[in-house]
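Right, one structure below, let's go through it.
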Amino acid sequence: TPIDCRVNMPYVKAKIKTSDGAVEDRISDLPSNVISNILERLPLCEAIRTSSLSKQWRMHWVSMSELVFDNKFFADAYQSRPQDMSSVEMLIGKILLHHH
Numbered sequence: 001t002p003i004d005c006r007v008n009m010p011y012v013k014a015k016i017k018t019s020d021g022a023v024e025d026r027i028s029d030l031p032s033n034v035i036s037n038i039l040e041r042l043p044l045c046e047a048i049r050t051s052s053l054s055k056q057w058r059m060h061w062v063s064m065s066e067l068v069f070d071n072k073f074f075a076d077a078y079q080s081r082p083q084d085m086s087s088v089e090m091l092i093g094k095i096l097l098h099h100h
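Read left to right, the sequence shown gives residues 1 to 100 (UniProt numbering).
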C-alpha cells in the first residue's frame, strides 16, 4: 500500500529539453549517495513524496538513517487528514513498517 503523505505542493518538472530537442532527466541520473544526502535534509513527508520523482527515487527513503516525526511532520499529516488522528496513526505505522 502506498504511503499517502500528500500536501499541496507545486509541480516541478524533472525533465528538461536540451538544445537539440531531446528530453533529459537530470533527477534520475543522480548517484545514490546524492539522493540520500538530499533526503536526509528534507522533512519526512517530503522525503517520502520523492518516491514519485523517478524509479531510482522510488522507496529510496526507506533506507534513511533517521526518521523525524516532528512538528512539521504532524502539520503536514494533519493538513492532508484534518481532524483524523487514527489515520495519522496509521500513516506512522505504514512509515515504520516500510523503513529498513
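All residues carry an ideal CB built from backbone N, CA and C; glycine is no exception.
- Under the three-state reduction of DSSP, D76 is assigned to helix.
- Around the C-beta of H60, 16 or more other C-beta atoms lie within 10 Å, and the residue is accordingly described as buried.
- Out of W57, N71, H98, the CA that lies nearest to the CA of V34 is found in W57.
- Closest by C-alpha distance to H100, out of S86, L67, R26, is L67.
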